[in-house]
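Worksheet for the structure shown next.
There are 2 protein chains.
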Amino acid sequence: MQGLMMDYPLTVKPILERASRIFARKEIVTCGASGVHRYTYGDFYERTCRLANVLYQLGVKPGERVATLAWNTHTHLEAYYAVPCSGAVLHTLNIRLAPDQIVYIARHAEDAILLVDQNLVPLLARIRDQIPSIRHVIVMNEELPMEYPIPVLHYEDLLASASPSFEWPDLDENRAASLCYTSGTTGRPKGCLYSHRSVFLHSMALNMADVFGTTERDVLLPIVPMFHVNAWGTPFSVIMAGAKLVLPGPNMAPRALADMIQAEKVTIAAGVPTIWLGLLAALEEGKHDVSSLRMCVSGGAAIPEGIIETFKKKFGITICHAWGMTETSPLGTVCHLRSNMMDWPEEKQHELMALQGTPAFGVEARAINAEGHEIPWHGKALGELQVRGPWVIREYYGEPNSSESFCGGWFRTGDVVTIREGGYVHIVDRTKDLIKSGGEWISSIELESAIMEHPGVLEAAVVAKPHEKWLERPLACVVPKPDSNGKLTQADLLEFLRLRVASWWLPDEIIFMDALPKTSTGKFNKRLLREQYSSKNLTGSQDRVL
Amino acid sequence: MQGLMMDYPLTVKPILERASRIFARKEIVTCGASGVHRYTYGDFYERTCRLANVLYQLGVKPGERVATLAWNTHTHLEAYYAVPCSGAVLHTLNIRLAPDQIVYIARHAEDAILLVDQNLVPLLARIRDQIPSIRHVIVMNEELPMEYPIPVLHYEDLLASASPSFEWPDLDENRAASLCYTSGTTGRPKGCLYSHRSVFLHSMALNMADVFGTTERDVLLPIVPMFHVNAWGTPFSVIMAGAKLVLPGPNMAPRALADMIQAEKVTIAAGVPTIWLGLLAALEEGKHDVSSLRMCVSGGAAIPEGIIETFKKKFGITICHAWGMTETSPLGTVCHLRSNMMDWPEEKQHELMALQGTPAFGVEARAINAEGHEIPWHGKALGELQVRGPWVIREYYGEPNSSESFCGGWFRTGDVVTIREGGYVHIVDRTKDLIKSGGEWISSIELESAIMEHPGVLEAAVVAKPHEKWLERPLACVVPKPDSNGKLTQADLLEFLRLRVASWWLPDEIIFMDALPKTSTGKFNKRLLREQYSSKNLTGSQDRVL
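Below, the structure is given as structure tokens:
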């Protein structure tokens, strides 16, 4: 027996239309290079209609990709709505990738139109020729006189001559709305093609009281870029909520952010841990009043407990730790204290808040161990985190489906986790960095942390080394502190570790180095270490890597 | 181009399963006749599995209706999940209806199984024979020894002998989950058949920060009955949020409610205005500490501004006014102050909070005037409120679709409203009570209010009287206060009204009475007045009606 409810498609259109009718006077602020731009939801709606007419006039067909290469600005926001609501697909290119990667991604996506911020035109000019699918380049946010090295159209000119009204089409909820590529740290970037339905549901979830709980009375500052996983979905959820939106433009310097928070009375900000570290330093100068700020959503990497504690104690600001991936739209887990934790000692509360949190409603999570069994939720066993839900991808765009990424209807995150009672997820490693020793898993990150607790150690990376009997065994690469250099021995460290980890976790070898190889984003380059030490016979303890 | 997100059905199952895994230790409290019953979400889940096994053993087929005749208790909650999650349809019978209506509804729904609270068995016994589709009656909440006048099974016995685990089937999201009938004040009761999808989305919407914003840290008391529009969806949304749930059982006396709020530290309560009036009186005795209570959700009828003000000023409690119908699951509009109203004078704030509020995200609203045009949102023009959205019905169960209820994909609410800028809806009348005079609408309620402002008037009802030229003209039925009886004249009143309403709103006739006819729920019986005065020639001013 079928229910008798309206067959109402879940699309981006009602988010846009409702906002324009109900919140017409609400403000959207962009902090541009040459000053602050302000307008209302009403203005935003009219310009979004104009942009849709422009796309139509330029011959954009349903489903075609309209790409952006842009900062967090109101014009980028206009594209966020005009493109999917008119039936095309918004493709946000990540300006931080290497030019070759951008070319690869734009070619793979077959982008038809590209909207680019004026100050990113030089970046684009270098690669424009290599993306022949792009029929038109449209320059947004022209703040300075400029001679363009490539043929371009001008966003404001196009909008000025377009009609200010547009009849938004009725779209199927499973139609593609938006396309984001993974950053491709471990292989080729892969595309995640979000549907209207997934955007609708993901935005509702973000606004639930136990996720980020945005209301009309909030002022939201998404510092996470709109070219990175749709700024975590905030351009959709904030307009849905009718909150004031503050877009930081290209300037993400800590003091500039602190200025914005104070001037616009921001209540919720969203960004990665390095942003919060920088902001903390700026705030500690004591020159800003950020009392309006109640919550900083932190994702993208684990946030140290100390930062959570300092924000709370010094500024009364809650850091809300969340976890997700491009493949999960990205909302996966979110960390909040529960009712039974309200009387815990502060220390214990901060330790908990540094976990990745519990699955948001709509996301199912499980963790599968080396034997393929689901691990119990007692915070001890290790397993790979797998998720499923209406805003999780079922396949990558234009890629064959593989058991590396999917498993019986679940998406394999590649994160190794423990899960505590109540569903609190703690990421302990990436599967590729695990040491798989005799059917058991050893977390490289936990072993590194234990080694780095030694007072003579500056930094340490642990990687798997092939082993005949156990398949893999841990190998530790250790950089001693200057005053311990030459004094710290393998025996010292093993003695130290024996008290801290299980005996079968003890590294088979410890190699002392002057420095560890790092990736462009500052992480240990474990791939390089693995390649270096996987096959050759190890010689001595002072082997140089870089 | 289709998106590539998981085809994850929106059903009740993930609400239930996630709650059992993530919130297993959370409490559900029932205040029964013979004491307080407490158990955890974990216990609730196990018993829900047992109930599903019982239904299976009793031969309940997919889509069959399992009815309840029950108060707000944990066993009723078990049925809320076991029935739809096992593939059957939960049908909550309204115990407050006349026995004939219950028979009509149960026969129309063809209920197969009936779960009944022990103290409602006498009510059932009178009509059991007239509902032959019911194969089994199962008695819940047996608190006293009783000789049953009809054959029954015993809920606790059945559960005790059933398996505590159940493999919930994967269901299509458009499958029927739950069936509620309208109260039928203006005709035969009609069934609204909610789908799994609509329950899922409606529950998410309820938990959005700008609707009721329930979190895991809340303690929720649904005073609105679970036999009335699914207690406004709270049994689903509260379990979704993982909040502590307090169920009042059959005792809704104000002091008992105040006791529960104090003892269980309730943070959000939901009920109709008469409940809040009663609670206010109980609280004013000064014997209760209800400082935990932050919000009372009020729906079902307009709430007087004075109540909102008193709750806020005396107890710091916000009354959140919401509007909805059985046909809208019921969430339609919800009233919150906006950011631009925060510095308004209190009086103006309370006036706003007495409005029905703005459409919740997911519900589209418009109002259509007598000429079939949408009215502007300036708070003046009158129109019939129409809504659409994923939790609004597209047709009634087992009824032909009619233009009386639907209009071009919109549901006609039958409420006449004005809509202010920003989307604030104000219900001014029911369409059936409007006076349609020469293509313009006159609100009977507004005219009544103006008449009742006269110091000599006790009460007044205004109804339409047929008119040759204008089709309808207003007729006022007025009960003078005792000391004005015989003194107050039609001329006095018209003179008084001339300053307060448009001249074409002035009643053609005013009839003085000793009392107005009322319905069983205490409202003016306008149908009776219309019948009385529609055809016959009016004689004099002292015509008696009752």
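Residue numbers (the working numbering), protein chains in the order written: chain U, 21 to 566; chain D, 21 to 566.
Glycine residues also receive a C-beta, built at the ideal position from the N, C-alpha and C atoms.
- One finds 196, 211, 212, 213, 214, 215, 413, 414, 415, 416 and 417 in chain D with Cβ atoms closer than 9 Å to the Cβ of residue 24 (chain U), taken in chain order.
- For residue 59 (chain D), the enclosing beta strand (DSSP E) stretches over residues 55-60.
- Residues of the segment 431-451 of chain D with a Cβ closer than 7 Å to any Cβ of chain U, in chain order: 442 and 443.
- At a Cβ-Cβ threshold of 8 Å, residue 114 (chain U) and residue 308 (chain U) do not count as neighbours.
- Those residues of the segment 88-114 of chain D placed with their C-beta closer than 7 Å to a C-beta in chain U are 109, ordered along the chain.
- The contact set of residue 65 (chain U) on chain D, defined by CB atoms closer than 9 Å, is empty, because the minimum CB distance reaches about 14 Å.
- For residue 242 (chain D), the number of other beta carbons within 10 angstroms of its own is at least 16, and it is reported as buried.
- Pairwise C-beta distances place the segment 542-553 of chain U out of contact with the segment 338-355 of chain U, as fewer than three of them are shorter than 8 Å.
- Close to chain U, meaning a Cβ-Cβ distance shorter than 8 Å, are the following residues of the segment 379-407 of chain D: 379, 381, 382, 384 and 397.
- Put simply, of U:427, U:358 and U:508 the residue whose alpha carbon is nearest the alpha carbon of residue 237 (chain D) is U:358.
- Nearest Cα to residue 220 (chain D) within the set D:101, D:488 and D:306: D:101.
- Rounded to whole angstroms, residue 306 (chain U) and residue 389 (chain D) show a C-alpha spacing of 58 Å.
- The Cβ atoms of residue 71 (chain U) and residue 108 (chain U) do not sit closer than 8 Å to each other.
- Close CB contacts of residue 269 (chain U) within its chain, under the 6 Å cut and outside five residues either way in sequence, are with 50, 51, 52, 91 and 93 (chain order).
- No Cβ-Cβ contact shorter than 8 Å links residue 288 (chain D) with residue 35 (chain D).
- Among the residues facing chain D, residue 148 (chain U) is not included, as its CB has no counterpart in that chain under 8 Å away.
- Leaving aside the five residues that flank residue 481 (chain U) on each side, the residues in its chain whose CB is nearer than 7 Å to its CB run, in chain order, 468, 497, 536, 544, 546 and 549.
- Straight through space, the alpha carbons of residue 158 (chain D) and residue 136 (chain D) are spaced by roughly 6 Å.
- With distances taken between CA atoms, residue 493 (chain U) lies nearest to U:456 out of U:504, U:466, U:456 and U:264.
- Within the segment 127-155 of chain D, no residue places its CB atom closer than 9 Å to a CB of chain U.
- One thing to note: residue 352 (chain U) has its Cβ within 8 Å of the Cβ of residue 407 (chain U).
- In the displayed model, residue 539 (chain D) falls within coil according to three-state DSSP, outside both helix and strand.
- By the 16-neighbour rule on beta-carbons within 10 angstroms, residue 350 (chain U) is buried.
- The C-beta distance from residue 123 (chain U) to residue 150 (chain U) rounds to 5 Å, short enough to meet the 8 Å contact threshold.
- Taking the Cα positions, residue 64 (chain U) is about 27 Å away from residue 231 (chain U).
- In the three-state reduction of the DSSP assignment, residue 310 (chain D) falls in the coil class.
- By the CB criterion at 8 Å, residue 234 (chain U) and residue 229 (chain D) fall inside the cutoff.
- The secondary-structure analysis by DSSP pairs residue 484 (chain U) across a beta bridge with U:494.
- Uninterrupted beta strand (DSSP E) stretches at least 3 residues long and entirely within the segment 221-245 of chain D occur at 239-242, given in chain order.
- Using a Cβ-Cβ cut-off of 7 Å, residue 254 (chain D) is close to nothing in chain U; its nearest Cβ partner there is about 14 Å away.
- The beta carbons of residue 446 (chain U) and residue 376 (chain U) sit closer together than 8 Å.
- Interface criterion met: the Cβ of residue 30 (chain U) is under 8 Å from a Cβ in chain D.
- Here residue 208 (chain D) is exposed. Its C-beta has fewer than 16 other C-beta atoms within 10 Å.
- Within 10 angstroms of the beta-carbon of residue 85 (chain D) lie 16 or more other beta-carbons, which makes it buried.
- Along the segment 489-501 of chain U, there is no position whose C-beta sits under 7 Å from a C-beta of chain D.
- When the alpha-carbon of residue 193 (chain U) is set against those of D:27, D:213, D:265 and D:424, the nearest one is in D:27.
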